[in-house]
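The opening residue of the sequence shown carries number 2 in the numbering used here; numbering runs sequentially from there.
Just so it is clear, CB atoms sit at the ideal spot from N, CA and C, and this is done for glycine as well.
Bear in mind the structure is a predicted one, so any value in this text is a computation, not a measurement.
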Amino acid sequence: MSINTRRMAATPEQTWEVLADGWLYPLWVVGATRMREVDEGWPGVGTRLHHSVGTWPFTFDDDTEVLEVQAGSMLRLRARTWPAGSAEVVIRLGAAGAETDVSIEEDVVHGPARLVPSPFRNLGMKARNVETLQRLAYVVENRP
2 MSINTRRMAA TPEQTWEVLA DGWLYPLWVV GATRMREVDE GWPGVGTRLH HSVGTWPFTF
62 DDDTEVLEVQ AGSMLRLRAR TWPAGSAEVV IRLGAAGAET DVSIEEDVVH GPARLVPSPF
122 RNLGMKARNV ETLQRLAYVV ENRP
């Protein structure tokens, strides 16, 4: 499992607003290239983001489903990325004064990517999530 954490210059409420707006997903998630649809009620349990991954012309339509939510503090997702498989991602928000510590825990749970030895798989996810958290910080910290 890969775990990354970053402090953001925004309150947990401001950070949650970005996570709760499914249409912003491709702005901060590395690999997501476009949003096709956001289920009504996002981020409720069972709702999905319908997105595409990859780079044109090699894009694939996939989705991310909410498995568990604690509004304002935690979001557990099942992210599908064909053909690699699917990953479970847990995003946690913790107050740090007027700022927020955001952590992302991720591991592959299904598909061919599980065949990659864990140390190598974790290196790739760790690097990807450093960038994901940097992008999330840009969006969160620069919203009006």
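> When DSSP builds the beta bridges, which residues end up paired with glutamine 71?
Replying inline: Its beta-bridge partners are Met75.
>> I'd like to know if the stretch 26–43 and the stretch 4–17 are in contact, where contact means that at least 3 CB-CB pairs between them fall below 8 Å.
In response: no
> In its own chain, which residues sit with a C-beta less than 6 Å from the C-beta of threonine 12, not counting the 5 before and 5 after it?
Replying inline: none
> Are leucine 134 and valine 103 closer than 9 Å when you measure CB to CB?
Replying inline: yes
> Using DSSP with H/G/I as helix, E/B as strand and the rest coil, what is arginine 41?
Replying inline: The amino acid at residue 41 is misidentified as arginine; the sequence shows glutamate. Residue state, collapsed to three classes: coil.
> Looking at the structure shown, is methionine 126 part of a helix, part of a strand, or coil, going by DSSP?
Replying inline: helix
>> If contacts are defined as beta-carbon pairs under 8 Å, then valine 140 and glutamine 15 qualify, I think. What distance do you get, rounded to the angstrom?
In response: At roughly 10 Å, the Cβ-Cβ gap does not stay under 8 Å, so valine 140 and glutamine 15 are not in contact.
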